[in-house]
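Student: All residue numbers for the sequence shown refer to the working numbering, where the first residue is 2 and numbers rise by one.
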Amino acid sequence: MKIADIRTMTVDQMDDEVLKLKKEQFNLRFQRATGQLENTSRVRVVRRDIARLKTIAAQKRGGAPQQSAGAKTETKAPKAKAAPKAKTEKKSKKGEA
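1. Contact check, residue 2 vs residue 43 under 8 Å by CB: the rounded distance?
2. Would you mind stating whether residue 47 and residue 18 have Cβ atoms separated by less than 8 Å?
3. Which term fits residue 58, buried or exposed, when burial requires 16 or more other beta carbons within 10 angstroms of its beta carbon?
4. Terminal residues of the continuous alpha helix (DSSP H) containing residue 52?
5. If you count every other CB in all the chains shown that lies within 10 Å of the CB of residue 22, and 16 or more means buried, which is it?
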């Protein structure tokens with residue numbers, strides 16, 4: 002499923018598609034367990050399609066701005082290093098002079 006196709010869907014349509022894909026995923030798992038699954042890569046494709054649909058649905062629900070693949074995000078400044086601790090005198094176990 003293409004991203005452009007998903008973005009044209011409504012949130013309700015995305016939810017319906019997720020349910021349909023989850024049922025397919027369930028059936029594929031059973032087929033794989035019983036040795037009937039011929040196209041094993043379909044399991045991965047379905048799983049990734051579900052993730053795509055859920056991600057875009059969450060963006061639409063939350064009103065998050067859509068970012069392009071090459072967009073940069075804010076980066077935090079690196080933390081300053083802590084000052085080294087002062088060395089203390091070691092005490093001997095036998096006795097102090």
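Idealized CB from N, CA, C, for every residue including glycine.
Tutor: Per the coordinate set shown:
1. To locate residue 2, count along the sequence shown from 1; it is residue 1. To locate residue 43, count along the sequence shown from 1; it is residue 42. The beta-carbon separation of residue 2 and residue 43, rounded to 13 Å, does not stay under the 8 Å limit for a contact.
2. Your numbering for residue 47 matches position 46 in the sequence shown. Your numbering for residue 18 matches position 17 in the sequence shown. Their beta carbons are not under 8 Å apart, which means residue 47 does not touch residue 18 by this criterion.
3. Here residue 58 is taken as the residue at index 57 of the sequence shown, counted from 1. Using a 10 angstroms sphere on the CB of residue 58, the tally of other CB atoms reaches 16 or more, which defines it as buried.
4. Within the sequence shown, residue 52 is the residue found at index 51, counting from 1. Taken as a continuous stretch (DSSP letters only), the alpha helix (DSSP H) holding residue 52 covers 42-63.
5. By one-based count along the sequence shown, residue 22 stands at place 21. Classification for residue 22: buried.
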